[in-house]
Every structure is written in C-alpha cells, then in structure tokens.
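Participant: This structure is in structure tokens; I'll ask about it shortly.
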Amino acid sequence: MQPVKLSIKENDKILVIAPHPDDECIGVGGVLSLYPELCTVILLTNGSRGIPGESQFSAAKIREEEFVQEMKYLGISDYIMLNIPDGTLMNHLDCLRDIKFEEYTKIFIPWVDDNHPDHTAGFDATIRAIREQKINNVEIYQYEVHTAFHDVDRFIDISKVIKKKTKLIQFHKSQLLNKDYVEIAVALAKYRACLLDDSNAFFEGVVITD
421 MQPVKLSIKE NDKILVIAPH PDDECIGVGG VLSLYPELCT VILLTNGSRG IPGESQFSAA
481 KIREEEFVQE MKYLGISDYI MLNIPDGTLM NHLDCLRDIK FEEYTKIFIP WVDDNHPDHT
541 AGFDATIRAI REQKINNVEI YQYEVHTAFH DVDRFIDISK VIKKKTKLIQ FHKSQLLNKD
601 YVEIAVALAK YRACLLDDSN AFFEGVVITD
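Structure (structure tokens):
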C-alpha cells in the first residue's frame with residue numbers, strides 16, 4: 421500500500437516518547453521542527469551508558485544538558501525527563517502510568533523492533549499505559565532510529581526543515597563521536613523521498629500502531 425501524507429492540524433496535541441536523549445530528533449526531528457508549539461516530549465532514560473570513557477554520572481549530566489539545549493532551541497518548554505537508568509527501561513514498564521494520554525491526539529513512539537531493548541521497552545511502556553487508561557481515540561505512530569522500516573504507512577514532508585533537524589541532532593555532540601547520526605538521518609529522509617518518487621525532497625516515515 422502506498423503511504424499517504426500524515427495530516428497534522430493546528431489543534432493537534434502531539435506527544436513524543438524518547439527512550440534516550442537524541443532519539444526524539446533522529447526519529448521525528450522534522451515533526452518537532454515543523455510543529456514545536458504542538459509538542460510535548462517525554463525522555464525516559466538518562467542516557468548514562470551512551471558515552472564510552474565517561475562515568476555514568478558524568479555521561480548522564482552531559483546528555484541532559486544536550487537535550488535541554490535542544491529543547492530550548494526548539495522553544496519547547498513542555499518536556500519531562502524521567503531519568504530512568506540507561507539500559508534498564510524494561511524493568512520500569514509502569515513509568516508512564518501517570519501520564520494523561522487522553523490529552524493528546526497524536527503520539528510518536530519508538531519502533532518496537534528498533535534493535536535496542538530500551539526502544540522496545542519504550543514502545544511497551546506506552547502501549548501498556550494507554551491500554552490501562554482505556555484510551556481509544558488517539559493516533560499512535562512508531563518512528564525509526566537504529567533500524568529502517570520495511571514499509572511506512574504515513575510520511576511527513578520535512579524538506580523545509582531538514583537543516584533544522586540536522587541542527588537538533590548536532591546538539592547531541594557526545595553521540596556523534598563514533599557515529600554520524602546527522603548523515604544517517606539525512607540519508608534515510610532522502611531514501612524515504614526516493615521511494616515516494618520525489619528525489620528532491622526529504623521525508624520522515626512512520627508506522628501506524630493499532
């Protein structure tokens with residue numbers, strides 16, 4: 421099935437769930453750049469295992485500062501940091517039970533098969549909380565970070581903000597030392613556009629969650 425453009429309206433309320441600092445901008449930095457005034461971001465872990473050579477305490481502080489600077493740049497003050505120890509999210513699947521999901525119309529969560537246990541746990545924690553709250557009138561979309569989808573259901577044209585998305589990723593300097601996530605994100609956005617026969621554009625792709 422050919423994917424269609426994701427429609428985001430001015431009265432939407434968007435929630436982005438990020439397992440680690442930088443997942444939000446690698447995955448849906450285009451959405452955050454296009455609609456910052458509509459967005460809330462919940463950061464689940466402290467990212468403390470994400471900087472080789474740094475102590476977990478030091479790494480957590482560095483990554484918190486990077487995330488906060490990104491949010492300031494976007495003008496997003498509506499964010500929550502749960503500070504769960506990196507790599508332990510599967511032991512905290514009830515971490516989102518107090519979030520009022522009924523306040524949101526669109527929720528973006530990591531792909532359940534995104535090749536990282538914290539990403540799978542972020543998906544599971546969100547779905548568990550939504551089901552416990554018996555919410556049915558919300559759109560849930562999975563986004564890709566480490567592993568590309570085989571197919572996408574919806575796409576977002578981020579051509580006008582691709583440079584801004586790369587700027588968001590660049591705030592996370594500690595994560596760019598060993599892997600160029602900027603190049604990866606741009607290449608994936610171009611790949612998505614080529615699949616949709618628009619090689620001059622940049623798209624983010626998401627998968628609908630039932």
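Positions 421 to 630 (this note's numbering) are the ones given, in order, by the sequence shown.
Cβ atoms here follow ideal geometry from the backbone N, Cα and C, with glycine treated the same way.
Just so it is clear, the structure is predicted and the values come from calculations on it, not from any experiment.
#1: Please report the straight-line C-alpha distance between F477 and S619, rounded to a whole angstrom.
#2: Excluding the 5 residues preceding and the 5 following L513 in the sequence, name in chain order all residues of the same chain whose CB lies nearer than 8 angstroms to its CB.
#3: Is Q476 helix, strand or coil when you go by DSSP?
#4: Within a Cβ cutoff of 7 angstroms, which residues of the same chain sit near K651, ignoring the five residues on either side of it in sequence?
#5: Using 8 angstroms as the threshold, is the C-beta distance between A605 and I471 below it?
#6: From the DSSP output, which residues share a beta bridge with K587?
#7: Rounded to whole angstroms, what's the CA-CA distance from I462 to E523? Just pull it up for me.
#8: Only counting runs of 4 or more residues, tell me where the alpha helix (DSSP H) segments fall wholly within the region 436–517, in order along the chain.
#9: Going straight from the alpha carbon of I560 to that of R574, what length do you get?
Facilitator: In this structure, then:
#1: About 43 angstroms.
#2: Only A541, D544, A545 and R548 meet the Cβ criterion.
#3: The three-state secondary structure of Q476, taken from DSSP, is helix.
#4: The question about residue 651 has no answer, for the chain in this structure spans 421 to 630.
#5: No, the Cβ-Cβ distance between A605 and I471 is not below 8 angstroms.
#6: Paired residue(s): none; K587 is not in a bridge.
#7: Rounded to the nearest angstrom, the two C-alpha atoms are 14 angstroms apart.
#8: Qualifying alpha helix (DSSP H) stretches, in chain order: 443–454 and 476–494.
#9: I560 and R574 have their C-alpha atoms some 11 angstroms from each other.
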